[in-house]
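Just below is one structure, and these are the notes that go with it.
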Amino acid sequence: MLNFNRSNDRVLVLSLIAFSFLFPFAMKAQSSALIRYLPERKLWVVESDRTTYVVGVNEQGQLQNIYWGKKLGRDEDLQAAHTRPEHASFDSSETMSSLEYPGWGGRLYTEPCLKVTLADGDRDLVLKYDSYEIQGDTLKLRTRDIQYDLIVTLIYKVFPHEDIIRKSSQVENRTAQAVTLESAQSGVWYVAPGDGYRLTYLTGRWAGENQISQVAIHPGKVVLESRRGNTSHQLNPWFALDEGGKADETHGRVWFGGVAWSGNWKLVVEQTPAQQVRVVGGYNDFDFAYPLKPGESLDTPGYYGGFTGAGFGEASRLMHHLVTDELLPDHSTPHPRPVLYNSWEATTFDVNESGQEMLADKAAKLGVELFVMDDGWFGKRNDDHAGLGDWFVNPQKFPRGLKGLIDHVNGLGMKFGLWFEPEMINPDSDLYRMHPDWAMNFPGRPRELGRNQLVLNMARDDVKDYIFGVLDKMLNENHIEFIKWDMNRHFGEPGWAEVPPAEQKEIWVKYTKNVYEIIDRLRARHPHLEIESCSGGGGRMDLGILTRVDEVWTSDNTDAFDRLRIQEGLSLAYPPQVMMDWVTDVPNINGRTTPLKFRFLVAMQGAFGIGSNLNRWTDQDFDLARQMIAYYKSIRETVQLGNLYRLLSPREGEVTANEYVSRDAKHAVVFAFLHSQQFLYPPPTVYLRGLDPAAVYQVKRIDGKLTDPQETLSGAYLMNHGLNFILEGDFDSTSVALERVK
Ligand code: DGJ
Numbered sequence: 000m001l002n003f004n005r006s007n008d009r010v011l012v013l014s015l016i017a018f019s020f021l022f023p024f025a026m027k028a029q030s031s032a033l034i035r036y037l038p039e040r041k042l043w044v045v046e047s048d049r050t051t052y053v054v055g056v057n058e059q060g061q062l063q064n065i066y067w068g069k070k071l072g073r074d075e076d077l078q079a080a081h082t083r084p085e086h087a088s089f090d091s092s093e094t095m096s097s098l099e100y101p102g103w104g105g106r107l108y109t110e111p112c113l114k115v116t117l118a119d120g121d122r123d124l125v126l127k128y129d130s131y132e133i134q135g136d137t138l139k140l141r142t143r144d145i146q147y148d149l150i151v152t153l154i155y156k157v158f159p160h161e162d163i164i165r166k167s168s169q170v171e172n173r174t175a176q177a178v179t180l181e182s183a184q185s186g187v188w189y190v191a192p193g194d195g196y197r198l199t200y201l202t203g204r205w206a207g208e209n210q211i212s213q214v215a216i217h218p219g220k221v222v223l224e225s226r227r228g229n230t231s232h233q234l235n236p237w238f239a240l241d242e243g244g245k246a247d248e249t250h251g252r253v254w255f256g257g258v259a260w261s262g263n264w265k266l267v268v269e270q271t272p273a274q275q276v277r278v279v280g281g282y283n284d285f286d287f288a289y290p291l292k293p294g295e296s297l298d299t300p301g302y303y304g305g306f307t308g309a310g311f312g313e314a315s316r317l318m319h320h321l322v323t324d325e326l327l328p329d330h331s332t333p334h335p336r337p338v339l340y341n342s343w344e345a346t347t348f349d350v351n352e353s354g355q356e357m358l359a360d361k362a363a364k365l366g367v368e369l370f371v372m373d374d375g376w377f378g379k380r381n382d383d384h385a386g387l388g389d390w391f392v393n394p395q396k397f398p399r400g401l402k403g404l405i406d407h408v409n410g411l412g413m414k415f416g417l418w419f420e421p422e423m424i425n426p427d428s429d430l431y432r433m434h435p436d437w438a439m440n441f442p443g444r445p446r447e448l449g450r451n452q453l454v455l456n457m458a459r460d461d462v463k464d465y466i467f468g469v470l471d472k473m474l475n476e477n478h479i480e481f482i483k484w485d486m487n488r489h490f491g492e493p494g495w496a497e498v499p500p501a502e503q504k505e506i507w508v509k510y511t512k513n514v515y516e517i518i519d520r521l522r523a524r525h526p527h528l529e530i531e532s533c534s535g536g537g538g539r540m541d542l543g544i545l546t547r548v549d550e551v552w553t554s555d556n557t558d559a560f561d562r563l564r565i566q567e568g569l570s571l572a573y574p575p576q577v578m579m580d581w582v583t584d585v586p587n588i589n590g591r592t593t594p595l596k597f598r599f600l601v602a603m604q605g606a607f608g609i610g611s612n613l614n615r616w617t618d619q620d621f622d623l624a625r626q627m628i629a630y631y632k633s634i635r636e637t638v639q640l641g642n643l644y645r646l647l648s649p650r651e652g653e654v655t656a657n658e659y660v661s662r663d664a665k666h667a668v669v670f671a672f673l674h675s676q677q678f679l680y681p682p683p684t685v686y687l688r689g690l691d692p693a694a695v696y697q698v699k700r701i702d703g704k705l706t707d708p709q710e711t712l713s714g715a716y717l718m719n720h721g722l723n724f725i726l727e728g729d730f731d732s733t734s735v736a737l738e739r740v741k
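Here the sequence shown is numbered in numbering that gives the first Met the number 0, starting from 0 and rising by one per residue.
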């Protein structure tokens, strides 16, 4: 560990020069470190396999961003940080310079990273560099206000193989007075200065999550945020900026990233008068006030950022690898998710032991590995008006408790999973009758219902401990190996009358921290538990929850055609391994009917499940399902843990095609979908990517829809000549698997 302050720099320079003469090889090793300090220029260089990030101390003693992009490699080329001069009196030097973590103070007019009010009324904050520390893949840069003992440590962790850096900050109040943080951001990313950037982001709504939106960036700001208490369906905390709006799936410089936070978050994309394009991210500062007493501190969420010169496809794969290999609870031994059955669309609230056993018998025969009973099993839960909060098995529906059903499911060779909505309470519940004050509210004011329910104030430690206790008890008393953790409304009237008024706005941060804590404690006590994050579909999907759960429920919209776009959008930021997709019955949520095979193949592009009412299936449906599930099991490792190539987008033509290639390029699988048939045109050629051109692959067909009859094909043929499919009629579909034989 190194730890120097500015006065040590001269000693450090001299000793490094002497050291380099004596031990030239040792210096070489030093320069290949992931993070290095160049003392004579006061620069820190953070390197990943293909990128370089540089930050330095300018002549004002402030941290300034120098570079973020393709790998540079030669430290001699780097210049020390210098502030830019002011532009007339109207744009100050701090507004013109790319400050690495600007406090709101002096003459800063761009979006700050930190804004404070001290108890004595002072609101001016100017952070200057103090010291640093490098530990392996982590760099800490300590800054301090020019007057007060307000310490802000910027923490960078580099993920070298993913070309991604995680920034976060820690704000410590070492003054003798209280300080209120009014904006606490994790950091800011700067792309190369210039004009003409394009922002890509994910927007949507319930049943229409993760739609891809793109806007040109001009001077001014674009704000992406959630003020809803969780991540939200409406906007997802992920962004990508591409140079000149020119990048596509395979080409172009793309800077991308996301905030790892499942509460109120904010991303501000700003083009400044200096033509800097910067993205500030962290806690949403709307209705935000976080008081720090002397000695207290606040950590901001992780804010990930990455760069690639190879387009959106590579940007997505880097994000996928980050989640799969670095963040998910099983990241050290990634494994595919099991084939799941979920009862929701089949039985809704009408669950009971015999009905669920009948479904389980049928699911087991198909090859299902995990049987999940959804909503309806607890309290007086016969519809969505009652029961939330009463996490006790309903004795009318399950007179023998859950043991009989779980034993039955386990006896069929499947794991058993159960649905919970821990953060919610129905006014018609025993819990509410006992603790009406546990629901979030401003005393004496209305409590507006959403889906007939209120939000429990999870910021309260007594509520947190109670919810942890009931979940832990359920898991101790029953052999439950999977939880679907749902949240079916957003915050309303976020009051917290039990703490002093100055602390009440902490609810936004504490709520999410306590939800995280419950999940962390459950995982620690039940290490084999699998958890699915759901919020009325994909309303809680972000890099914060994905360090705690194994997968996310993608959307309540299970219509296979709509899913093509929802899944494409999700795949920009998150990996197929976490994208839970079910085959369900038709007509679907939007009245559309698609063939069962189309529904299977769409759902097989992520973590696969079935949500159909199997009591209504025909023998032919079961035959097809058995074949499809067997096929899925043969390709799921490639789909869930391989590299995704989006070949044809559902937004751009009549055919969608996706390809998944195992990391060693020995296995691949292609899916192709015709949306609707018009004028009998044949579908376009599908050019594969990511294969070894010199390798020979055996072609495995699931049907006769591939026009190329060869048994084997080279990687070069597959990528250069491409494949042609016969797709005819609305919602025709196919898949081809490839296995390297030479
Ligand atoms: C919303 C979820 O997204 C559905 O899958 C289902 O679990 C219902 N809630 C149950 O109320």
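Ideal Cβ positions, reconstructed from N, Cα and C, are used throughout, including at glycine. This structure is a prediction, so every number in the text was calculated from the model and none was measured.
Query, Result
"CB of W418 within 8 Å of CB of K483, strictly", "yes"
"Residue range of the beta strand (DSSP E) that includes I164", "163 to 172"
"Three-state class that DSSP yields for G305 in the structure shown", "strand"
"Rounded separation between D162 and D485 - CA only", "33 Å"
"Start-to-end residues for the beta strand (DSSP E) that takes in F607", "606 to 609"
"Span separating the alpha-carbon of P493 from that of A523", "30 Å"
"Buried versus exposed, by CB contacts within 10 Å (16 or more), F89", "exposed"
"Distance CB(E248)-CB(Y196) smaller than 8 Å", "no"
"Pairwise C-alpha distance: F481 and M635", "A small fix is needed here, since residue 635 is Arg in this sequence, not Met. R635 and F481: Cα-Cα distance of roughly 20 Å."
"Beta-carbon spacing of L358, A345 below 8 Å", "yes"
"The beta strand (DSSP E) enclosing M578, as first and last residue numbers", "578 to 582"
"The stretch 453 to 464 contacting the stretch 433 to 440, beta-carbon criterion three pairs below 8 Å", "yes"
"Residue nearest to H478 in terms of C-alpha spacing, selected from V462, G386, L369", "L369"
"Heavy atom of the ligand DGJ within 7 Å of N209 beta-carbon", "no"
"Minimum C-alpha distance to V170 - residue among H160, A183, R520, Q176", "A183"
"F280 CB to nearest heavy atom of the ligand DGJ below 7 Å", "The sequence shown places Gly at residue 280, not Phe. No, since every heavy atom of the ligand DGJ falls outside the 7 Å radius drawn around the Cβ of G280."
"Span separating the alpha-carbon of D558 from that of I628", "19 Å"
"N- and C-terminal bounds of the beta strand (DSSP E) containing T684", "Counting along the chain, T684 falls outside any beta strand (DSSP E), and DSSP gives it neither H nor E."
"Helix, strand or coil at S675 according to DSSP, with G and I counted as helix", "coil"
"Cβ-heavy atom distance, W343 to the ligand DGJ, below 7 Å", "yes"
"Validate contact between the stretch 387 to 400 and the stretch 658 to 669 using beta carbons, cut 8 Å, 3 pairs", "no"
"beta-carbon C533 near the ligand DGJ non-hydrogen atom, thresh 7 Å", "yes"
"Residue range of the alpha helix (DSSP H) that includes D460", "460 to 476"
"Any chain B beta carbon closer than 8 Å to P337", "Among the chains of the structure shown, chain B does not appear; only one protein chain is present."
"Rounded straight-line distance, which links the Cα of Y340 to that of P500", "47 Å"
"Pair within 8 Å by beta-carbon distance, N451 and G207", "no"
"Given 8 Å, three or more beta-carbon pairs between the stretch 702 to 709 and the stretch 321 to 334", "no"
"Euclidean distance between Cα positions of L712 and N657", "19 Å"
"Three-state class that DSSP yields for L321 in the structure shown", "helix"
"Proximity test, G536 beta-carbon vs the ligand DGJ heavy atom, cut-off 7 Å", "yes"
"Beta-bridge partners of S732, as assigned by DSSP", "F672"
"6 Å CB neighbourhood of D8 in its chain, flanking five on each side removed", "With a pLDDT of only 41 at D8, under 50, the local geometry of the prediction cannot be trusted, and the value read off the model is given with reservation. Contacts found: P38."
"Assumed close pair P84, E93 - CB separation to whole angstroms, cut-off 8 Å", "Not really, about 11 Å apart at Cβ, beyond 8 Å."
"Residues of its chain near F255, where Cβ-Cβ distance is below 6 Å and the 5 sequence neighbours each way are ignored", "A239, G305, A314"
"Where G410 sits in the DSSP three-state scheme", "helix"
"Any non-hydrogen atom of the ligand DGJ closer than 7 Å to D389 Cβ", "no"
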